[in-house]
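Visitor: Have a look at this one.
Residue numbers (this note's numbering): 894 to 1128.
Next comes the structure, spelled out in structure tokens:
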């Protein structure tokens, strides 16, 4: 029983719900981003032994790039925004994986190591971007659930990563082709997410449903929010 402001009582309506199809699409998109970046990140690290080069050098190079990748992602997030940074780093990881899969001559093993390191660099930077982007994209009341769901998909793909890397025992190109195609598809899907930089973030379900509806797909760089004249006068 619910008592209203005028003192009357009424039965609660448990059938009332808010439909949020746009939030659902954004959540599925972000879950896919986490799934792919985790698969590529851990898959490239485990696939270093299948590149035909010194596995110790390849693994060490992929491990060292974590720190500069984090610093790099912090810089591009400031100037390129969340959406373009996510899509750009994911695209770089996908392209380098596909290029690494090409039949390089045996005397150019250093090229394979360099390309694989660049792919690890890009995927490592994308991982950090996903954490920040997800925290801003989900509204306050569902942020924990959203981040937890994304992390679940990332852990699921981390479980699949060694099995994909094992395909390199048959052909060196198989894991790289899978990583490259998935990363490029995630890069394209990331362009459909709304930009959150310098925007008033949603706080309610209605705000989350309407957030990003007015954003144009081809507007890649973040846009400064317009200042209301009334608020400007009050300041």
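We put the beta carbon where it would ideally sit given N, CA and C, even for glycine.
Would residue 982 be called buried (16 or more neighbouring beta carbons within 10 Å of its own) or exposed?
Guide: In the chain shown, counting from the first residue as 1, residue 982 sits at position 89. Buried, since its Cβ has 16 or more Cβ neighbours within 10 Å.
Visitor: Could you give the uninterrupted runs of the beta strand (DSSP E) lying entirely in the stretch 1058 to 1099, keeping only those of 3 residues or more?
Guide: Here no run is fully enclosed.
Visitor: Could you check what DSSP says for residue 1108 in three-state terms: helix, strand or coil?
Guide: Position 215 of the chain shown holds residue 1108. Here residue 1108 sits in coil by DSSP.
Visitor: Give me the Cα-Cα distance between residue 1042 and residue 1062, rounded to the nearest whole angstrom.
Guide: By one-based count along the chain shown, residue 1042 stands at place 149. By one-based count along the chain shown, residue 1062 stands at place 169. Taking the straight line joining both Cα atoms gives about 32 Å.
Visitor: Can you find the residues in the same chain that come closer than 6 Å, C-beta to C-beta, to residue 985, ignoring five residues on each side of it along the sequence?
Guide: On the chain shown, residue 985 is found 92 positions in, with the first residue counted as 1. If we look at residue 985 and ignore the five residues flanking it on each side, its Cβ neighbours are 1015.
Visitor: Measuring CA to CA, which of 996, 1088, 1087 and 1002 is closest to residue 950?
Guide: Indexing the chain shown from 1 puts residue 950 at position 57. If we check each option's Cα against that of residue 950, 1002 comes out closest.
Visitor: Cutting at 6 Å between CB atoms, please list the residues of its own chain near residue 915, excluding the five before and the five after it.
Guide: By one-based count along the chain shown, residue 915 stands at place 22. So the qualifying residues of the chain are 1102.
Visitor: Closer than 8 Å by C-beta to residue 924: which residues in its own chain qualify, once you throw out the five before and the five after it? Chain order, please.
Guide: For the purposes of this step, residue 924 is identified with residue 31 of the chain shown, where counting begins at 1. Around residue 924: 1042, 1043 and 1046.
Visitor: Is the stretch 1047 to 1059 touching the stretch 996 to 1012 in the sense that three or more CB pairs, one from each, lie closer than 8 Å?
Guide: Too few Cβ pairs lie closer than 8 Å, so no.
Visitor: At the level of alpha carbons, what is the spacing between residue 1064 and residue 1079?
Guide: Counted from its first residue, the chain shown places residue 1064 at position 171. Counted from its first residue, the chain shown places residue 1079 at position 186. Straight-line Cα distance between these residues: approximately 24 Å.
Visitor: Would you check if there are 3 or more beta carbon pairs closer than 8 Å linking the stretch 1020 to 1033 to the stretch 1086 to 1104?
Guide: Contact holds: three or more Cβ-Cβ distances are below 8 Å.
Visitor: The alpha helix (DSSP H) spanning residue 1002 covers which residue range?
Guide: Start at 1 with the first residue of the chain shown, and residue 1002 comes out as number 109. Where residue 1002 is concerned, the enclosing alpha helix (DSSP H) stretches over 1002 to 1030.
Visitor: Quick one: Cα of residue 955 to Cα of residue 938, how far?
Guide: Position 62 of the chain shown, counting from 1, holds the residue named residue 955. Position 45 of the chain shown, counting from 1, holds the residue named residue 938. Roughly 7 Å between the two C-alpha positions.
Visitor: For residue 1040 and residue 921, what's the separation of their Cα atoms in angstroms?
Guide: Along the chain shown, one-based indexing puts residue 1040 at 147. Along the chain shown, one-based indexing puts residue 921 at 28. Going from the Cα of residue 1040 to the Cα of residue 921 covers about 12 Å.
Visitor: Please check the pair residue 934 and residue 1026, which I expect to be a contact at CB under 8 Å, by giving their CB distance rounded to whole angstroms.
Guide: Position 41 of the chain shown, counted from the start, is the residue given in the question as residue 934. Position 133 of the chain shown, counted from the start, is the residue given in the question as residue 1026. The pair is not a contact, with the Cβ atoms about 16 Å apart (cut-off 8 Å).
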